[in-house]
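For the sequence shown, my numbering assigns the number 83 to the initial residue and increments by one for each residue that follows.
Each residue gets a CB set at the ideal place from its N, CA and C atoms; glycine is no exception.
Note that the coordinates shown come from a computational prediction; the quantities given were computed from them, not determined experimentally.
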Amino acid sequence: MRSWFDRPLITGAVTPSGKALAKAMAAPVDLDAAGPVVELGPGTGPMTAALLKRGIAPERLVLVEYSHEFADMLRLRFPGVQVVRGDAYAAREVLRDRLAEPASAIVSSLPLLTKPAPRRAALLNDCFDLAAPNAPFIQFTYGVVPPVPTKEFSFVADGGRRVWWNLPPARVWVYRRPAKP
Numbered sequence: 083m084r085s086w087f088d089r090p091l092i093t094g095a096v097t098p099s100g101k102a103l104a105k106a107m108a109a110p111v112d113l114d115a116a117g118p119v120v121e122l123g124p125g126t127g128p129m130t131a132a133l134l135k136r137g138i139a140p141e142r143l144v145l146v147e148y149s150h151e152f153a154d155m156l157r158l159r160f161p162g163v164q165v166v167r168g169d170a171y172a173a174r175e176v177l178r179d180r181l182a183e184p185a186s187a188i189v190s191s192l193p194l195l196t197k198p199a200p201r202r203a204a205l206l207n208d209c210f211d212l213a214a215p216n217a218p219f220i221q222f223t224y225g226v227v228p229p230v231p232t233k234e235f236s237f238v239a240d241g242g243r244r245v246w247w248n249l250p251p252a253r254v255w256v257y258r259r260p261a262k263p
């Protein structure tokens, strides 16, 4: 909560995401897909815990966290997980030498709506460039519309049901880059 009061545009929520939302975020990750799973903005780690509980091996998880305090806490809380201290909006540069193969999924808890739509779309494009074809970019929002407009930026998005058991209620969106003809 203190982190949100100190930096509300960087820390997206007053409280950590709940278990129901974390489980919904982990569900679209294909356990059989090869490659690392990249998590952007893990904060205190509720999504990380859900990904591990779902069966993602710790050595497959690459977390990108902006806050020094959260990054240090994540390293202690999740041994074997790679924690990269850096700006997720510079994912291409931050992860350039960290991924041995394309990512199988990107799971994001970033407060996307604090950035202009073109910057949000650029983030997705950068992440898709680091990922395997058809890899999902999984994002939640407290809003009712997709956090990255799909028509304007040529993404395919599937909005899941609202997770009412989260405080506040949230919706999970799964984005994919359309296959090139």
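The secondary-structure analysis by DSSP pairs residue 240 across a beta bridge with 256. A direct Cα-to-Cα measurement between residue 227 and residue 119 gives close to 25 Å. Nearest to residue 191 by C-alpha distance, out of 110, 129 and 105, is 129.
Residue 99 has its alpha-carbon roughly 10 Å from the corresponding atom of residue 251.
Relative to residue 126, the option among 117, 254 and 165 whose CA is nearest is 165. At the C-beta level, residue 210 and residue 219 come within 9 Å of one another. The stretch 136 to 150 makes no contact with the stretch 234 to 245: fewer than 3 CB pairs, one atom from each, lie closer than 8 Å. Within the model, the alpha-carbon separation for residue 207 versus residue 123 is close to 17 Å. When the beta-carbon positions are compared, residue 111 and residue 230 stay at least 9 Å from each other. At a Cβ-Cβ threshold of 9 Å, residue 132 and residue 254 do not count as neighbours.
Taking a C-beta distance under 9 Å as the contact criterion, residue 203 and residue 175 do not qualify as a contact pair. Within the stretch 118 to 189, the runs of beta strand (DSSP E) that reach at least 3 residues and sit entirely inside it are, in chain order, 119 to 122, 143 to 147 and 164 to 167. In the structure shown, residue 213 falls within a strand segment according to DSSP collapsed to helix, strand and coil. Burial is judged here by how many other beta carbons sit within 10 angstroms of a residue's own beta carbon; residue 116 has fewer than 16 and is exposed. With contacts defined as CB atoms closer than 9 Å, residue 236 and residue 214 fail to qualify as a contacting pair.
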